[in-house]
Amino acid sequence: MIESSGILSAANESKHLFLRAAAGVATERPPVWLMRQAGRILPQYRALRSRFPDFKAFVKTPEASAEATIQPVDELGVDAAIIFSDILVVPEAMGLDYEMIEAKGPRFPKVIENQGDVSALLSGEAAAIQLSYVYEALKITKRELADRVPLIGFAGAPWTIFAYMIEGSGSKTFSKARRMLYVEPHLSHTLLQKITDTTIAYLRGQVQAGADLLQLFDSWAGELPPAHYRAFAVPYLRQICEALPDVPKTIFAKGAWFALEDIADLPCQVIGLDWNITPEFAKQATGGKKVLQGNLDPCTLYADAATIKKETKKMLNAFGGHHIVNLGHGVYPDTPLDGVRVFVETVKE
Ligand code: CP3
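Counting in the numbering used here, the final residue of the sequence shown is number 377, and the numbers go up one at a time with none missing.
This is how it looks when you write it as structure tokens:
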């Protein structure tokens, strides 16, 4: 199942369920964690967050980032930690500043419109070097976790970062970013390559600082037609996977059920699934080549405990015990903590 024998032999010796499962090794129970677990669902996070004037100041304080990373391990008993940061630190390091607007989300005051804008961006190591605060946060987290659970590093996938750089925020249609692929395909590839070079340098830095597994978030994958996903997203995901052979990698391409077969051919170990995909469909499309992660509808966690238990067990059975348990997208900020606990405990009981 696994392409890299180095990853497999390291996993075999690992005491961690999460790393063994990610390498396709059988585990006594599936590991569980939640995308966006380091965040507003926890009162401890909200208390820590209130000490900072804004999100960016928080993200750039390594000690605070380490604390937010470890909070869900202490509070929820999850089997992995994910470094507290954001996918938008990459465009910022390339020279495109963003603001995080309270209760609304990110906004880029300036967006990429033409060749001159793309040429002006930093890329590769010259950009990644500015992300030393993330490396520092990983090092502190690693030390403070003391090998209790593995540490996940992450980045946005090139297409998703491209979309933010063109749109300047989230969007209902992503028509500006999608238009660019038709109108300026060459410029689009130049920008995607710059993002990819930066992401590779950045993820290398994360591994050197202690990340045990890397996840790529392609949050806007489902906005593209299949042919464009194949032309403008998959080749860059491939470059990233190939450049980082020594750690397991997870690709979470939200909405990209149509690209599962292509993603299953990439040199990654794990595929994250959103809640629109049945486990049966995913197993068939990926042909048993990858470990699957996901995919409970995050809204299940608003239900009563019995329903959460029933739905979680249904999902566990459908994946047949060999998978990494997660939601189909990040946990929503107003999710009741008790619901999250029932989810985690159902997997662990
Ligand atoms: O998973 C984790 O717990 C680690 C931390 C993490 C954050 N963002 C912290 C955060 C991770 C992995 C991300 C990834 C991220 N950021 C994605 C990909 C995953 C996905 O949800 O599809 C995207 C698209 C972003 C961009 C982003 N950052 C948005 C759209 C927003 C605002 C809306 C929202 O979800 O909160 C953010 C802000 C953000 N990133 C917060 C946190 C904890 C909330 C800010 C706050 O505390 O005020």
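Yeah, the Cβ is synthetic: ideal placement off N, Cα and C, and Gly gets one too.
A quick note: this is a predicted structure, and the numbers were derived from the prediction, not measured.
If you ignore the 5 residues before and after Glu289, its C-beta comes within less than 6 Å of the C-beta of Ala313, all in its own chain and listed in chain order. When the Cα atoms are used, Ala154 and Pro81 turn out to be separated by approximately 28 Å. In the structure shown, Pro58 adopts coil according to DSSP, grouped into three states. Under the three-pair Cβ rule at 8 Å, the segment 235 to 246 does not count as touching the segment 199 to 207. For Asp225, no beta strand (DSSP E) run applies; the uninterrupted alpha helix (DSSP H) run containing it begins and ends at Pro213 to Gln236, by DSSP.
Secondary structure at Phe182: strand, using DSSP grouped into helix, strand and coil. Residue nearest to Glu172 within the set Asp125, Thr97, Gly358 and Val146 is Thr97 (criterion: CA-CA distance).
Cα atoms of Tyr230 and Ala334: separation of roughly 43 Å, rounded to the nearest angstrom. With respect to Leu220, Val146 sits apart: the two C-beta atoms are not nearer than 8 Å. Secondary structure at Leu320: strand, using DSSP grouped into helix, strand and coil. Of all C-beta pairs linking the segment 50 to 70 to the segment 126 to 134, fewer than three are shorter than 8 Å, placing the two stretches out of contact. Gly133 carries a strand assignment under DSSP once its states are collapsed to helix, strand and coil. The DSSP assignment places complete beta strand (DSSP E) segments of no fewer than 3 residues inside the segment 266 to 327 at 277 to 281, 298 to 300 and 319 to 324, in order along the chain. Residue side-chain check: Leu116 places its Cβ nearer than 7 Å to a non-hydrogen atom of the ligand CP3.
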